[in-house]
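Q:
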Amino acid sequence: MIIKRTPLKWHEKLYIPTLINGFKVTLSHFFKKKVTMQYPEEKWTVPEGYRGAPYLVKDSKERTKCVSCQLCEFVCPPKAISITPPGPEVNEERGNIEKEPAEFEINMLRCIFCGYCQEVCPEEAIFLQEDYSLTGESREEMIYDKTKLLELGGVHDSEVKKWDKKAADAAAQSTH
Numbered sequence: 013m014i015i016k017r018t019p020l021k022w023h024e025k026l027y028i029p030t031l032i033n034g035f036k037v038t039l040s041h042f043f044k045k046k047v048t049m050q051y052p053e054e055k056w057t058v059p060e061g062y063r064g065a066p067y068l069v070k071d072s073k074e075r076t077k078c079v080s081c082q083l084c085e086f087v088c089p090p091k092a093i094s095i096t097p098p099g100p101e102v103n104e105e106r107g108n109i110e111k112e113p114a115e116f117e118i119n120m121l122r123c124i125f126c127g128y129c130q131e132v133c134p135e136e137a138i139f140l141q142e143d144y145s146l147t148g149e150s151r152e153e154m155i156y157d158k159t160k161l162l163e164l165g166g167v168h169d170s171e172v173k174k175w176d177k178k179a180a181d182a183a184a185q186s187t188h
């Protein structure tokens, strides 16, 4: 089947209408608001509910809030969290607070930022940050250890002082 094409008119052969349409499109975009962000100097504001990378926090007494229950490790879909519980020795510094993890690692290359770790944590020791810039020059740099996670988290004082209450209860029972 042969398709008959209509011959171009004299003004269509000059391509002037096509050029004018192209200039119209260019000019319409020229006066619109810029979309490009100068990234390192300017950063996008993250929306409410944004789930970033997880980090660990300390309480007001600079103690790690994590008690090594390993719930976050078990609930993590990509298995990005690895926790090594401590041995049987007692850390006098922590008082009657339960155990602190010997090692806590999160592989940020595997993490899918689902937020399950934050939801399941009974101690409110793990939170999701609002920073969306995770960079590293090697795979090893993207595996965050306990020190790095605590450095990112800082101190997060919760209103519920569970361990202070337990210490007060233990002191009250020992006086009776």
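Residue numbers for the sequence shown follow our numbering, beginning at 13 and rising by one. No residue lacks a Cβ here, since even glycine has one placed at the ideal position from N, Cα and C.
1) From the DSSP output, in three-state form, read off residue 62 for me.
2) Helix, strand or coil for residue 132 per DSSP?
3) Quick one: using the 10 Å Cβ neighbour count with 16 as the cut-off for buried, is residue 51 buried or exposed?
4) Please look up how many angstroms separate the CB atoms of residue 65 and residue 125, rounded, as I've assumed it's under 8 Å.
5) Which term fits residue 26, buried or exposed, when burial requires 16 or more other beta carbons within 10 angstroms of its beta carbon?
6) Quick one: grab the DSSP three-state call for residue 54.
7) How would you call residue 157, buried or exposed, if buried means at least 16 neighbouring beta carbons within 10 angstroms?
8) Assuming the contact rule is C-beta atoms closer than 8 Å, residue 97 and residue 114 should be a hit. Round their C-beta distance to whole Å, please.
9) What's the C-alpha gap between residue 77 and residue 111?
A: The structure says:
1) coil
2) In the structure shown, residue 132 sits in a helix (DSSP, three-state: H, G or I).
3) exposed
4) Between residue 65 and residue 125 the beta-carbon gap is near 7 Å, inside 8 Å, which marks them as a contact.
5) exposed
6) coil
7) exposed
8) 7 Å
9) 10 Å
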